[in-house]
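Structure record follows, encoded as structure tokens.
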Amino acid sequence: MKRLLCLAIAAPLLLAACSKNSTDASGVQIFKYASGIHQEGQITYKEHPPVGGPHNPRWQQCGIYTQPLYDQYAVHSMEHGAVWITYKPGTSAADIAKLTAAVQGRSYILMSPYENQPAPIMASAWNAQLTLKSADDPALKDFLAKYEQGESAPERGAACDGPYATTTTQ
Amino acid sequence: MKAVRAVLAALVVVLGLAGWGLWISVRPPQEGSPAVRFARDMRLHHAQAVELSMHILERPVSAPVRLLAQDIAVTQEAQIGQMGGWLDIWGLPFAGRDAPMAGMNRVAMGMATEAQVRSLDTLSAKQAEIEYLELMIQHHRGGVQMAQDGLKSGVPQVQTLAHAIVQSQTAEISLIAGMLRQRGAAVPAGLPSPGTAPASSDPANTDSMPMDMK
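Right under this line is the structure:
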């Protein structure tokens, strides 16, 4: 009986341990979301910004935005391979310009302010997230090289534009 | 004895050269090589042809334009996958450290601006169809130019695809020109030279769009 009880307690813990994220050598946090289901309406995510999970049937049109986005559209773009660069509101124009320059000409990019995030500047992709040390942190380029349409995206290379991509902002 | 040594030395040189040649020929294309640049640049260029086609397919345009748009979309999407497959097998990321088409003048390579892409949603169906044909003819002209670079990559599978792109897009350029004439529209004169448009007017997905999307 005791053993069964132990198992009952251990199993969920073990499961939790398995889905827990880790951090790789370059400081990128790794997650394990399986490709997400489609779900209408507002979706609440565990991570801010999110790094995977259920998402809206529409995806966010890739590009640079000056207003916050809705998580549930952005996550769908991330499933297609987009990297979402987010900064806290109040970030200096100079820093935003540096970030804009860093993504110039790249196509699977979302960039927007993000209120409720734990660090000033972050880069997120499906199952991967990086906290930037500054707006010109060289780690961003490595992150983009690896995760823009990267292997971790369940539907890498599917468009993040097109007539049904939403351009909605908050 | 001296002769044996000379023969042995020659053998070492020949084997060394052969081994080096073999290594060069089987080694996958490296980061920064023309083949890798071609794969990444052309994936971006193709993606916009698919995007333009997806937009026009949502409009009530004529059957020949729908057929053309579907043909372009399915063909180029398949080729995007093919080029992604190469990068995978070569052990390289799709994106890379530099933006695709870095240093190229995108307008001179036939890329449409974000506003031109959006205009396909808002123009009347009749005008949108002409706009699509005009944008596609320029896009193909740039695509053929970029494919010429692929022909010089020295990598057989890249050269095969580049050759196919040159052939099919050249044929489609004549087809589209005919369609434009049928509709009483002028065929665009040609692409601007790379020197005429500043890099800042590059129609990346990422630069011009944000301000009107607040």
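In order, the protein sequence lines correspond to chains Y and S. One point on numbering: in UniProt numbering, the residue at position 110 of the first sequence is 110, and numbering is uninterrupted. One point on numbering: in UniProt numbering, the residue at position 136 of the second sequence is 136, and numbering is uninterrupted. The C-beta atom is built at its ideal place from N, Cα and C for all residues, glycine as well.
When the options are compared against residue i, the one with the closest alpha-carbon
i	options	result
R106 of chain Y	S:E114, S:V144, S:W90, S:A95	S:A95
P49 of chain Y	Y:T66, Y:I96, Y:C62, Y:T86	Y:T86
I43 of chain Y	Y:Y70, Y:M122, Y:A94	Y:Y70
E40 of chain Y	Y:A94, Y:T23, Y:S26, Y:V75	Y:V75
S168 of chain S	S:D149, S:A39, S:V144, S:S33	S:V144
R141 of chain S	S:V26, S:M42, S:G32, S:A3	S:M42
Y108 of chain Y	Y:W84, Y:P118, Y:P120, Y:E47	Y:W84
S124 of chain S	S:A39, S:V61, S:R5	S:V61
G84 of chain S	S:W23, S:E114, S:R40, S:V65	S:R40
M101 of chain S	S:A18, S:L68, S:V36	S:V36
K126 of chain S	S:Q148, S:I72, S:R66	S:R66
R27 of chain S	S:G154, S:G110, S:V4	S:G154
P154 of chain Y	Y:E115, Y:N127, Y:Q67	Y:N127
N105 of chain S	S:M146, S:A115, S:I80	S:M146
Proximal residues to residue i (C-beta, below 8 Å), its chain only, five neighbours per side dropped
i	result
T100 of chain Y	I64, M111
E77 of chain S	H46, V50
K141 of chain Y	A102
I96 of chain Y	Y87, A135
P188 of chain S	E134, I137, Q138
A10 of chain S	none
Same chain only: Cβ atoms within 6 Å of residue i, ignoring 5 sequence neighbours per side
i	result
A204 of chain S	Any reading at A204 of chain S must be qualified, since the residue scores a pLDDT of 46, below 50, and its modelled position is unreliable; the value itself is stated next. Within the same chain, A204 of chain S has no close Cβ partners at all.
L180 of chain S	L133, V187
A185 of chain S	I130
L17 of chain S	none
A108 of chain S	L191, P192, P194
Q72 of chain Y	I43, H55, N56
Endpoints, alpha helix (DSSP H) assigned at residue i
i	result
I56 of chain S	34 to 57
T75 of chain S	63 to 89
A147 of chain S	125 to 151
V75 of chain Y	71 to 79
P156 of chain S	156 to 182
Q42 of chain Y	Here Q42 of chain Y belongs to no alpha helix (DSSP H), and DSSP marks it neither H nor E.
Y114 of chain Y	Where Y114 of chain Y is concerned, there is no enclosing alpha helix (DSSP H), given that its DSSP letter is neither H nor E.
V187 of chain S	Per DSSP, V187 of chain S belongs to no alpha helix (DSSP H) and is neither H nor E.
K147 of chain Y	The amino acid at residue 147 of chain Y is misidentified as Lys; the sequence shows Tyr. Per DSSP, Y147 of chain Y belongs to the alpha helix (DSSP H) from 139 to 147.
Residue i at chain S interface by Cβ criterion, 7 Å
i	result
K141 of chain Y	yes
A145 of chain Y	yes
D137 of chain Y	no
E148 of chain Y	yes
P163 of chain Y	yes
A17 of chain Y	Any reading at A17 of chain Y must be qualified, since the residue scores a pLDDT of 41, below 50, and its modelled position is unreliable; no value is offered.
S134 of chain Y	no
R106 of chain Y	yes
G157 of chain Y	yes
Endpoints, the beta strand (DSSP E) within which residue i is located
i	result
I37 of chain Y	No beta strand (DSSP E) contains I37 of chain Y, which DSSP labels as neither H nor E.
T131 of chain Y	128 to 131
V83 of chain Y	83 to 87
Cβ of residue i within 7 Å of any chain Y Cβ
i	result
H55 of chain S	yes
W94 of chain S	It is worth fixing the name first, because residue 94 of chain S is Phe in this sequence and not Trp. Closer than 7 Å: yes.
A99 of chain S	yes
E129 of chain S	no
G91 of chain S	no
E58 of chain S	yes
L15 of chain S	no
residue 257 of chain S	Not covered by the structure: residue 257 of chain S. The range shown for chain S is 1 to 214.
G178 of chain S	no
L44 of chain S	yes
G143 of chain S	no
E51 of chain S	yes
G103 of chain S	no
G85 of chain S	no
S200 of chain S	Unreliable positioning characterises S200 of chain S in this predicted model, as indicated by a pLDDT of 45, which lies under 50. The coordinate reading is nonetheless provided below. Not closer than 7 Å to any Cβ of chain Y, the Cβ of S200 of chain S fails to qualify, so no.
Chain-order list of residues whose beta-carbon lies under 7 Å from that of residue i (same chain, five-residue window excluded)
i	result
S119 of chain S	E131
G36 of chain Y	G52, G53, P54, H55, V75, E79
R183 of chain S	I130
Y164 of chain Y	R58
D149 of chain S	P34, F38
A139 of chain Y	S26, G27, L130, L132
W44 of chain S	In the sequence on display, residue 44 of chain S carries Leu and not Trp. Within the same chain, L44 of chain S has close Cβ partners P100, M101.
Cβ neighbour criterion (16 or more within 10 Å) applied to residue i
i	result
V7 of chain S	exposed
H55 of chain S	buried
P156 of chain S	exposed
G150 of chain Y	buried
W23 of chain S	exposed
L52 of chain S	buried
V28 of chain Y	buried
D137 of chain Y	buried
G81 of chain Y	buried
A162 of chain S	buried
L15 of chain S	exposed
K152 of chain S	exposed
A34 of chain Y	exposed
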